[in-house]
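Residue numbers (my numbering): 792 to 960.
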């Protein structure tokens with residue numbers, strides 16, 4: 792009898808200590824998230840957001856999935872020899888104690904094989920898998936991208952400007 796009490800006490804001590812060794816939950820936030828609107832005939836969309844890593848260690852995003860899309864991929868856009876490029880990334884490391892931007896022209900998520908293109912006003916649920924196995928989910932509203940809109944000159948005083956050599960692309 793005394794042997795079974797000792798065994799029970801030892802087992803209780805071992806199992807109650809286990810949470811001390813469990814991995815702590817990653818302390819990150821997905822902020823300013825949005826999906827770029829696209830025409831109904833488009834085959835892809837892109838998601839942009841900021842990741843705030845409150846940890847003293849880097850975190851690694853290893854996978855991404857989006858509701859309503861057959862595939863989602865981590866990508867990096869850039870310029871090489873004057874040409875725009877885009878490369879799939881196997882993983883992306885978010886440095887410790889930083890805000891990391893996923894933005895047009897840089898890191899972003901490509902949303903591929905849509906069941907239907909998400910329209911402005913709709914929300915896309917995007918899940919990120921981290922290297923430690925944890926999953927973080929964000930709701931991303933679909934918006935039109937106005938960052939590439941041409942400058943609106945309507946309310947500018949043009950009377951004193953020389954437009955002879957001005958180029959508009």
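For each residue, glycine too, the CB sits at the ideal point set by N, CA and C.
> Cβ of residue 848 within 8 Å of Cβ of residue 887?
Replying inline: yes
>> Between which two residues does the beta strand (DSSP E) holding residue 902 run?
In response: 898-905
> Per the contact definition of three or more C-beta pairs closer than 8 Å, is the stretch 907-915 in contact with the stretch 819-837?
Replying inline: yes
>> As a quick exercise: from 817, 837, 822, 844, pick the residue whose alpha carbon is nearest that of residue 934.
In response: 837
> In chain order, which beta strand (DSSP E) runs of at least 3 residues are fully inside the stretch 836-913?
Replying inline: 850-857, 860-871, 874-880, 883-885, 889-893, 898-905
> Under the three-state reduction of DSSP, which class applies to residue 831: helix, strand or coil?
Replying inline: coil
> Taking C-alpha atoms, which residue in 889, 853, 840 lies nearest to residue 925?
Replying inline: 853
> Cα separation between residue 904 and residue 850?
Replying inline: 28 Å
> Hey, quick one: how far does the beta strand (DSSP E) through residue 928 stretch, first residue to last?
Replying inline: Under the DSSP assignment, residue 928 falls in the beta strand (DSSP E) whose first and last residues are 926-934.
> Exposed or buried, residue 863, counting other C-beta atoms within 10 Å across all chains shown (16 or more means buried)?
Replying inline: That one is buried.
> So residue 846 and residue 817 are in contact, right, with Cβ under 8 Å, and what is the actual spacing, rounded?
Replying inline: 6 Å
> Can you tell me the Cα-Cα spacing of residue 823 and residue 891, whole angstroms?
Replying inline: 11 Å
>> Could you tell me the alpha carbon to alpha carbon distance between residue 859 and residue 918, rounded to whole angstroms?
In response: 12 Å
> What is the rounded straight-line gap between the Cα of residue 873 and the Cα of residue 896?
Replying inline: 14 Å
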